[in-house]
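First residue of the sequence shown? That's 608 in our numbering, and the numbers climb one at a time after it.
Down below is the structure, laid out as structure tokens.
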Amino acid sequence: MSAYFKKSLSNRIFGIVNTVFWVLVMFLILYPLYLVIIASVSDPDAIVRGEVIWHPVDFSLMGYQAIFKYSELIRSYGNSIIYTFVSVILSIAITLCAAYTLSRPKFKGKALFNIYFVFTMFFNGGLIPTFLTLKDIKLYNTPFVIIFMGCVSVWNLMVARTFIQTSIPHELYEAAMLDGATHFQYFIQVVVPLSKTIIAVLAVYYGVAKWNDYFTGLVYLRDRSLYPLQTVLREVLATLQVDKSGDYMISMADSAASMAEATRIANVAKYCIIVVATGPVVILYAVMQKYFEKGVMIGSLKG
């Protein structure tokens, strides 16, 4: 009986310590996000003084007013939504097709293709050759350059291949072949319906990567009306910090008062930009959370 109580006591102690530990971990993860949100609606001077810790101080929407007065912001938001939506669908389609092909045991040359794909994870053609190639094939300064660049991640391809190999019984393939199904029919009617979990994982991975991509638009787009959100937000922050000649600033660009006001706005605008940029990503994860967690566990345990 005493051994039982000792074991029970040790279990309770472990449970308390474990709970406290994970509460601290959750706090360390969530507090920076909470701090960004409350700082974005606080007075810039309070942020500089370090008074914004647990709640907004002197509630102000100055930062949001500054960035949303930027004429290109709304259009770039729409551009990013379109780029991300189209690119995610295309990326998932190509990734699943390639993963299915590489998962076939009798696919000749599979090892060579695997080596080739893995090689591209560590080496690429470089910025200038890529730029010249895109210009030669008429993709430069078009929406397609945003959609096609980074369309397939080799890491995601390997995760999808592992999922198909380990989570879809080979007996289903044999049964489908006996019924006279082609590879395309088996892929569409069996593999895709059974791959909802990995599709959700790929959607989150590709969606976040495409949504956060500012560099592609910065380098490969000349037409500002095609800019994605992240590229515009980068310019907004740079403008608030350096250039005082925007519509939202007073015309006295060289005056000390104008520079001080620009600094105040920049202090709070950087937090507002984080909130504006991460909102859709948080919504995407919330929608895909159920499938995403399951898919990540499958990939980690069986990969």
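Note that beta-carbon positions come from the ideal geometry of N, C-alpha and C, so glycine has one too.
Contact under 8 angstroms by Cβ, Val875 with Met669 | yes
Would DSSP call Arg841 helix, strand or coil?
-> helix
Output yes or no for whether 8 angstroms exceeds the beta carbon distance between Phe882 and Ser647.
-> Here residue 882 turns out to be Val, not Phe, going by the sequence shown. Yes. Within cutoff.
Going straight from the alpha carbon of Tyr780 to that of Ala810, what length do you get?
-> 26 angstroms
Evaluate Ile699 with the Cβ neighbour count: other Cβ atoms within 10 Å of its Cβ, from every protein chain shown; 16 or more gives buried, anything less gives exposed.
-> buried
Going by CA-CA distance only, name the one from Asp652, Leu680, Thr691 that's closest to Val815.
-> Thr691
Contacts around Tyr821, its chain only, beta-carbon distance under 6 angstroms, and the 5 residues preceding and following it disregarded | Gln837, Thr838, Arg841
Which same chain residues, not among the five before or five after Tyr878, have their C-beta less than 7 angstroms away from its C-beta?
-> Val643, Ala646, Ser647, Gly670
Below 8 angstroms, can you find three or more Cβ-Cβ pairs linking the segment 698-713 to the segment 764-777?
-> yes
Can you tell me whether DSSP reads Ser852 as helix, strand or coil?
-> At Ser852, the pLDDT of 45 sits below 50, so the modelled position is not reliable and the matter cannot be decided from this model.
For Leu801, which residues of its own chain have a beta-carbon under 7 angstroms away from its beta-carbon, when the five flanking residues on both sides are left out?
-> Ile775
Member of Val759, Gly732, Glu658, Gly733 whose CA lies at the smallest distance from the CA of Leu697 = Val759
Nearest to Gln772 by alpha carbon, out of Ile754, Met784, Phe794, Gly757?
-> Phe794
Candidates Ile674, Asp786, Trp762: which alpha carbon is nearest Val725's?
-> Trp762
Span separating the alpha-carbon of Lys803 from that of Val695 = 14 angstroms
Is the CB-CB distance between Ser683 and Tyr834 below 8 angstroms?
-> yes
State the Cα-Cα distance for the pair Gly657 and Ser667, rounded to the nearest angstrom.
-> 16 angstroms
What number of angstroms, rounded off, separates the C-alpha of Ile806 from the C-alpha of Val664?
-> 43 angstroms
Helix, strand or coil for Arg711 per DSSP?
-> coil
8 angstroms Cβ cutoff met for Ile744 and Thr823 | no
Output the distance between the C-alpha atoms of Pro750 and Thr626, rounded to the nearest integer angstrom.
-> 49 angstroms
Output the distance between the C-alpha atoms of Ala653 and Val659, rounded to the nearest integer angstrom.
-> 6 angstroms
Which word fits Asn731, buried or exposed, when buried means at least 16 other C-beta atoms lie within 10 angstroms of its C-beta?
-> exposed
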